[in-house]
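Down below is the structure, laid out as structure tokens.
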Amino acid sequence: MISIRRNKLTLIWLLLCALTVASYLAATKLEGATYFVSAPITTGVLIAALIKSRFVMHHFMELRAAPSWLGGICDGWLVVLFGVIFVVYWSAI
Amino acid sequence: MSATMMDVSARLASAMPTPAPKAHIQYRRNSKLDQWICFWSIPVFYVFFGLVFVCLTRTMPPPSANVSQAGAISFFQSVAGVTNTHIGFALLVFSLGFYAMNNALVVVQMKRMEGVSQAMAYAYIVVLSLGALPGCMFIAIVYSVAAMRPDRDPQLVSMLYDMGMLSYVGSLGCFVAQYVVFVIAVLLDKRRIFPKWIAYFSIWVIFTEILAGPIFAFKTGPFAWDGAISFWLGTVVWVFWQFSFTICLYKAIKRQPLDEVVPA
Amino acid sequence: MTSTVHTAPPAGAATAVVSERAEPKSARHLPGEASMWAFVIGDLVIFSVYFTIYMLYRIWNHQMFLESQQQLSQTLGLLNTLLLLTSSWFVALSVQLARAGEIARAARLIVGGSACGLAFVVVKAFEWSDKVGQDFVFTTNDFFMFYYMLTGVHLLHVFLGLGILLFMWRELGTAAQPRVAMLETGATYWHMVDLLWLIIYALVYLMR
Amino acid sequence: MRTKDQTISLWLAPVTAAVLLLAFCLFRGFLPPLSPAMSAEAVASFYKENAGWIRLSMVIMNLWGIMLIPFYMVIVIQMKRMATPSHVFAYAYLGAASGGGALLALANLFWLMAAFRPDRGAELIQLLNDLGWMTFTAPIGMIVAQNVTLALAILMDARPQPVFPRWVAHYSIVTGILIAPGALAMVYQSGPFAWDGLFAFWIRNSAFALYIAVMFFVVRAAIRQQAVEEGVPA
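What follows is the structure, given as structure tokens:
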């Protein structure tokens, strides 16, 4: 019988939730009531999102056990997408 | 021509182990000539389609959705001045007949599927016969009428301009229904007449079709009828799909055994 | 009619994959069907185009986006993210259990995953109706246009995913030997829905 | 017993043809056809003066024009009897027939709308009139496709006793060629290819009418042949 409590997936899930709550707190509690342009917050939540995406792909979608070309494509996609997002964001600040 | 066909069929019939119940049935098993004719009507149709919409009438990529009445008039005058709109749409209404042949081909292949009733095949041809009118024919009629008299009341020219583009880019339901019917049939088909991935690709097209819905609410931005999401992304995905689909269709006909009897 | 039968593949490709999986194998294994992965990658590319266009419109009118963003309910956004993460976790566990032959537990986890997915839909419906009640609609401004479009097209993916989860549940409940490849295929789709939401959440709700 | 409905549908064709001919004669805009060169005021006053006749004729066409479809479907059924490699042409014919029917219904509605409130602005009446004529005359692709697919199916029919005789194929093609210049009504506003011209109106419509008349006899023979083959009284 596979244990859910002592399972790597559960650990990953806890990490994902922790990162989510942390980004939520960072975005809503750090800088007062009015939203304004904030590169540190943006960078933080985007990096958190990148890590979370990678976790979901790697562990939930089981890319860690998949043929490496598929993992390569998916990691490449993440790099390109977040690269574009960062470049667009930073180009405006 | 008929003599050679009967000759071939007779040879094939004698080579076949199964006895045919009726004399005429053995003749129909001799070739896939009719399907190949219909298949090659697909590139012919899309060459016409591209020629008409991209080169002649300049409706693809679409003219701006954010134009004044004067802008609409000048669109028809500039393009219509050289009678391109007229000739383009005359070619289109002529070539639309090929479209019926394309769709019939898909029906025949869908009827070969196993584990799917023929309801999906019939639904496919009905939604596309319907869709040809709002999706293709209507802009041809409306734009020829507009280009015919650009000196009409500017309000009317502007209305015709909108009517044409909204029907051409915004006729969604018939095509969503086409893809949904196709996805259901392909995924349930036990014979894999079409590969599963073309069904999955069709799901992209469904989503991009849905995202053309907002063209009725926006005149500028990504959701205008000439917008980045509603038009450009949707068109790129659709062109990719159409290529893949045509290849799948080609392979499906190619793989069909000569002696196979497709259910009537 | 009968002549068509013998041309059909003997048992279907999916079962072949299962029997391959049943024997212990150290080699790397593609979870689910390759065609689903083609779909997932294409869908991710399509969404990347949406995200890029969103980012461009955002920097072109940064202040307005921030002001509009402030009208969103951050709590509901957080709740929905946690719901989808939990749902994904359930489904991932379910596939793991199904592979080990614990079919009943796997089926229960699928039910849990679907319940979280449904809760996501309910929260989303509540959030949308709340926004519409405050007169923030699709045409209000560019931010709300993207907000409704991105969350809306994602919601359609959720609906499709809930349908797929239903099929997975049926497979676990009725099939004598559930096809693991089919479960993996469905789970891959569902995790993609989760993945897309994580990015939408960061782009639409959180970033400043 | 599979030919009775076909025989009834077959006889619906001359009835429909008669009704369409009646509507055609009652619509003052057909004999002679309205010219695209007419000014907006002339078109508006035409609709004002003839509103009653236009409504009568177009309502008749509205009610009975689509009744040609059962006849077309008999042709589809006969095409499926042919010993062609597949039924692909029959389905193409079916799809094209439904597309063509939708266009006739739409053209008819434009004319009826123009006649509904003839005291509307002249430009609006002219617009509806233009739309009606363009929809009626120009989109010939569907009819041509019907004729071409039927012709191809007949040519490939490998039965020793073909369902339709081979000359029907050639005749269908010729009719298709005679109808095709209707599309040029989108290009020309005057001359033989305008919607009131020799080719786009007179030849196109007469070729179509004659074709339906000839096909009536051809289809009747095919149904009889089917009845004999299946041992059923026609």
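Protein chains in written order, with the working numbering: chain F, 124 to 216; chain S, 53 to 316; chain B, 2 to 209; chain Y, -12 to 221. For each residue, glycine too, the CB sits at the ideal point set by N, CA and C.
Per-residue DSSP class, three states only, for residue i
i         : result
S:PHE270  : coil
Y:PHE17   : strand
B:GLN211  : The question about residue 211 of chain B has no answer, for chain B in this structure spans 2 to 209.
S:TRP277  : coil
F:THR157  : coil
F:ASN130  : coil
Y:ASP(-8) : helix
F:THR151  : helix
B:HIS192  : helix
B:HIS30   : coil
S:LYS242  : coil
Y:TYR175  : coil
Y:ASP106  : coil
Y:ARG231  : With chain Y covering -12 to 221 only, the question about residue 231 of chain Y has no answer from this structure.
Same chain only: Cβ atoms within 8 Å of residue i, ignoring 5 sequence neighbours per side
i        : result
S:ASN155 : TYR176, ILE177, LEU180, SER181
F:LEU132 : HIS182, PHE183
S:CYS300 : PHE246, PRO247, ILE250
Cα-Cα separation, residue i to residue j
i        : j        : result
B:VAL112 : B:MET169 : 10 Å
Y:TRP40  : S:GLY183 : 33 Å
S:GLN230 : S:TYR174 : 11 Å
B:LEU184 : B:LEU173 : 9 Å
Y:GLU216 : Y:ILE210 : 10 Å
B:ALA176 : B:ALA99  : 12 Å
Y:ARG207 : Y:ILE190 : 26 Å
B:GLY162 : S:TYR195 : 42 Å
F:LEU138 : B:PHE66  : 30 Å
S:MET189 : Y:VAL2   : 29 Å
S:PRO95  : S:GLU261 : 23 Å
Y:LYS35  : Y:ALA29  : 10 Å
B:ALA107 : B:LEU94  : 7 Å
B:ALA105 : S:SER296 : 40 Å
Y:VAL205 : S:ALA316 : 23 Å
Buried or exposed by the 16-neighbour rule on C-beta atoms within 10 Å, applied to residue i
i        : result
F:MET124 : exposed
S:CYS90  : buried
S:ASN118 : exposed
S:ALA269 : exposed
S:ARG204 : buried
B:ASP136 : exposed
Y:TRP154 : exposed
Y:ASP183 : buried
B:ASP131 : exposed
F:ARG128 : exposed
B:ASP143 : buried
F:GLY195 : exposed
S:LEU208 : buried
S:GLN129 : exposed
Delimiting residues of the alpha helix (DSSP H) encompassing residue i
i        : result
Y:GLY82  : 75 to 103
S:GLU312 : Counting along the chain, S:GLU312 falls outside any alpha helix (DSSP H), and DSSP gives it neither H nor E.
S:PRO95  : 85 to 102
Y:PHE195 : 191 to 217
Y:ALA138 : 128 to 143
S:ARG110 : No alpha helix (DSSP H) holds S:ARG110; DSSP gives it neither H nor E.
S:SER223 : From DSSP, S:SER223 is part of no alpha helix (DSSP H); its letter is neither H nor E.
B:LEU110 : 104 to 134
B:THR87  : 75 to 100
S:ALA152 : 136 to 163
F:LYS175 : 162 to 178
B:THR53  : 35 to 61
B:TYR202 : Taken as a continuous stretch (DSSP letters only), B:TYR202 belongs to no alpha helix (DSSP H), as it is neither H nor E.
S:TRP256 : 248 to 262
Spatial neighbours of residue i in its chain, beta-carbon cut-off 6 Å, leaving aside the 5 residues before and after
i        : result
Y:ALA77  : VAL63, MET66, LYS67
Y:TRP120 : TRP182
B:PHE147 : TYR55
Nonlocal neighbours in the same chain, by C-beta distance under 7 Å from residue i, ignoring five residues either side
i        : result
B:VAL96  : LEU184, GLU185, ALA188
Y:ILE199 : ALA0, ALA4
Y:LEU185 : PRO179
S:PHE97  : SER147, PHE150, TYR151, ASN154
beta-carbon residue i near the ligand SAH non-hydrogen atom, thresh 7 Å
i        : result
F:HIS181 : What this structure holds is no ligand at all, so the ligand SAH is not there to describe.
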